[in-house]
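Enquirer: The listed protein sequences derive, respectively, from chains Y and B. Heads up, the numbering used here is the position in the first sequence plus 11, with the first residue counted as 1. Heads up, the numbering used here is the position in the second sequence plus 464, with the first residue counted as 1. Have a look at this one before I ask anything.
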Amino acid sequence: MTWKQMFTSSIGQKLTMALTGLFLITFLIVHVGLNACIWANDGGQMFNTGANFMSSMLVIRIMEIGLFAGIIIHVIQGLLLFFENKSKRKIGYAIEYGERGSKWYSRSMGLLGTLLLLFLIMHIYHFWVPSRLGGMWNIKPLEEVDYTNGLGKQYHNLYAEMINVFQNPIVVILYVLGCISLAYHLMHGFESAFRTIGVHNNRYLKMLRYVGRGYSIIISIAFAMMPISIYLGWIR
Amino acid sequence: MEHYNMNLTLKIWRQKDAKAKGGFETYQVKNISSEMSFLEMIDVLNEDLITEGKDPIAFDHDCREGICGSCSMYINGKPHGPWKATTVCQLHMRAFKDGETVVVEPWRANAFPVIKDLCVDRSAFDRIVQAGGYISVNTGNAVDGNAIPVDKDKADKSFAAAACIACGACVAACKNSSAMLFVSAKVSHLALLPQGEPERKTRAINMVAQMDKEGFGSCTNIGACEATCPKEIRLTNIARLNAEYLSAALTIDKEN
């Protein structure tokens, strides 16, 4: 048994999906937690300070590379599995089993994942690019803000960028659609990831089902409420 | 339950041989008793076809009591037809109403090529079992079955997994044509018992390797297999197979 044999087997490829998926699930908790600071309604000071703390910490910068690697591996392995699995039935059925046997979102992980990828490209373009690459290659940098009473410590005003981006109703709608895709993707993915890594104790599986559903719904609603509350002017 | 007779329109997949293109043929059957099994209804149709000098419909069947795993019809979009936990041979015609149209297709998967009409080649399953779905024992006198203690809960789970009749409905129902429910039932059956312990790691690795080689897809845990399984093999077995395979693959100390 070589590592190659393991990670190219059907279960090994699913393990790659599960591990990267669980890593991304963990990341989302950090992401939603930090972003929730916008609801402090303090003109973005708490949020900007938090974001600045994250971007200036070495550990997080290294994790960021891992995050991009995790997303890319999850996407590539996911697409490979999608096309490979699809190719296993060259002649299809006249009548599909469909909703009688499984949930539509469980069968549509490839589609939901692709929608999330498109969303992510837009999302990275909106925030990560100006924040991280601003000033390079003619990319407009974020404005700076000073929370130190003139001591000169400058923070990226990511909050102002959020307010700016979410004035466009089309962008708000696209973000909400992205969150709906996320909810359904996680609704299947959360529990499935644990099954793939081998959790087969019924007590834990039952618990994971409810935790997974709760997680998917809470995380997605929290994310969706961010552009909505900015667009509706609940926070300024 | 009240007995009644019915007339049905059947749309059945006809394919001369493995290489032929195949297509649906429409047949009318009359005065079918609600007490008949689905296979008996096809028998009646075949009698008519033979009388008319036509080629009867080829389909697999053997015991007709739901334990051999031969019958394999995909009826109205579900393997083994509309009833839960039922094989086609145990599906009674009272599942259908008078005047209904019933569509019958063979199992569809590259790993299960059609031989003729509704018969598919399921020898891939035999090769998976040959790869490790057994325990090696010395010949001679049988060992006293009660000599080895087995935990009751594990014995029950093992027995429930051993109920798999290898009909292939799980593959037919799966959007990925995955054989994971079948393989997981065979692996769970032996992994839960002390007799299965010595070959536990090689069994999981070899059976999964053969499964991949036969051209089945991977499992995405959608649960269509569990919903259609005539023997109600639980999806939990697949999670157990994942655990068996991964712990074996991570710890086995064997080249190649």
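From the three backbone atoms N, C-alpha and C, an ideal C-beta is built for every residue, glycine too. All values reported here derive from a predicted model rather than from experimental measurement.
If contacts are defined as beta-carbon pairs under 8 Å, then B:Glu708 and B:Ala655 qualify, I think. What distance do you get, rounded to the angstrom?
Expert: 5 Å
Enquirer: Which whole-angstrom value describes the C-beta separation of B:Arg572 and Y:Tyr104, a residue pair presumed to lie in contact below a C-beta threshold of 8 Å?
Expert: Beta-carbon to beta-carbon, B:Arg572 and Y:Tyr104 are separated by about 6 Å, close enough to satisfy the 8 Å threshold.
Enquirer: Check whether the Cβ atoms of B:Ile697 and B:Leu645 sit closer than 8 Å, and answer yes or no.
Expert: yes
Enquirer: Compare the C-beta of Y:Tyr104 with all C-beta atoms of chain B and state if any pair is closer than 8 Å.
Expert: yes
Enquirer: With distances taken between CB atoms, is the gap from Y:Asn59 to Y:Val187 smaller than 8 Å?
Expert: no
Enquirer: Determine contact between the region 88-102 of chain Y and the region 679-690 of chain B, defined as no fewer than three beta-carbon pairs at a distance below 8 Å.
Expert: yes
Enquirer: Using three-state DSSP, classify B:Tyr491 as helix, strand or coil.
Expert: DSSP places B:Tyr491 within a strand segment (E or B) once states are collapsed to three.
Enquirer: Where DSSP assigns a beta bridge to B:Ser501, which residues make up the other side?
Expert: B:His556
Enquirer: Find the nearest neighbour of B:Gly609 within the set B:Ala595, B:Gln659, B:Phe589, judged by alpha-carbon distance.
Expert: For the set B:Ala595, B:Gln659, B:Phe589, the Cα lying nearest the Cα of B:Gly609 is the one of B:Gln659.
Enquirer: Would Y:Arg118 pass as an interface residue toward chain B - the criterion being a Cβ-Cβ separation below 8 Å?
Expert: yes
Enquirer: For a cutoff of 8 Å on Cβ pairs, would you count B:Glu569 as touching chain Y?
Expert: True, the Cβ-Cβ gap to chain Y drops below 8 Å.
Enquirer: Which same chain residues end up closer than 6 Å to Y:Ala62 when comparing Cβ atoms and leaving out the 5 residues on each side of it in sequence?
Expert: Leu169.
Enquirer: Taking the CB atoms as reference points, tell me whether B:Arg591 and B:Gln674 lie closer together than 8 Å.
Expert: yes
Enquirer: By the criterion of Cβ-Cβ separation under 9 Å, what are the contact partners of B:Phe488 in chain Y?
Expert: Ala105
Enquirer: Measuring CB to CB, does Y:Ile191 end up less than 8 Å from Y:Ile241?
Expert: no
Enquirer: Compare the C-alpha of Y:Met74 against each of Y:His199, Y:Val41, Y:Trp245 and name the closest.
Expert: Y:Val41
Enquirer: Mark Y:Ile49 as exposed unless 16 or more other C-beta atoms lie within 10 angstroms of its C-beta, in which case mark it buried.
Expert: buried
Enquirer: Within 8 Å of any Cβ in chain Y, is that where the Cβ of B:Lys580 sits?
Expert: Not a single CB atom of chain Y sits nearer than 8 Å to the CB of B:Lys580.
Enquirer: With a CB to CB cut of under 6 Å and the five nearest residues on each side skipped, what residues in its chain are close to B:Val635?
Expert: Ala573, Ser641, Ala643
Enquirer: Could you work out which residues of chain B lie near Y:His196, taking near to mean beta carbons separated by less than 9 Å?
Expert: Chain B residues near Y:His196: none, gap ~12 Å exceeds 9 Å.
Enquirer: Does the Cβ of Y:Phe79 have 16 or more other Cβ atoms within 10 Å, making it buried, or fewer, making it exposed?
Expert: exposed
Enquirer: Which partner residues of Y:Asn213 appear in the DSSP bridge assignment?
Expert: DSSP lists no partner for Y:Asn213.
Enquirer: Under 6 Å Cβ to Cβ from B:Cys689, same chain only, skipping five residues before and after it: list those, please.
Expert: Cys634, Ala637, Cys638, Leu645
Enquirer: Taking C-alpha atoms, which residue in Y:Ile230, Y:Met218, Y:Leu193, Y:Asn212 lies nearest to Y:Ser117?
Expert: Y:Leu193
Enquirer: Counting along the chain, where does the beta strand (DSSP E) carrying B:Trp477 start and finish?
Expert: 469-478
Enquirer: When we look at the beta-carbon of Y:Val210 and count the other beta-carbons within 10 Å, is it buried (16 or more) or exposed?
Expert: buried
Enquirer: For Y:Gly81, decide whether its Cβ has a neighbour in chain B, counting only Cβ atoms nearer than 8 Å.
Expert: no
Enquirer: Please tell me whether B:Tyr538 has its Cβ less than 8 Å away from any Cβ of chain Y.
Expert: Closer than 8 Å to some Cβ of chain Y, the Cβ of B:Tyr538 qualifies, so yes.
Enquirer: Kindly indicate which three-state DSSP category Y:Ile102 falls into: helix, strand or coil?
Expert: coil
Enquirer: Take B:Arg704 and list the residues in its own chain whose beta-carbon comes closer than 6 Å to its own, dropping the five residues that flank it on each side.
Expert: Ser652
Enquirer: Check whether chain B comes within 8 Å of Y:Ile22, counting only Cβ atoms and requiring the distance to be less than that.
Expert: yes
Enquirer: Is the region 551-564 of chain B touching the region 517-530 of chain B, taking contact as three or more C-beta pairs under 8 Å?
Expert: Touching, per the Cβ criterion.
Enquirer: For the structure I just gave you, are there three or more beta carbon pairs, one from the region 110-128 of chain Y and one from the region 85-94 of chain Y, closer than 8 Å?
Expert: yes
Enquirer: Give a yes or no on whether the minimum CB-CB distance between Y:Leu92 and chain B is below 8 Å.
Expert: yes
Enquirer: Mind checking which residues open and close the beta strand (DSSP E) that includes Y:Tyr166?
Expert: 165-167
Enquirer: Which word fits B:Asn540, buried or exposed, when buried means at least 16 other C-beta atoms lie within 10 angstroms of its C-beta?
Expert: buried
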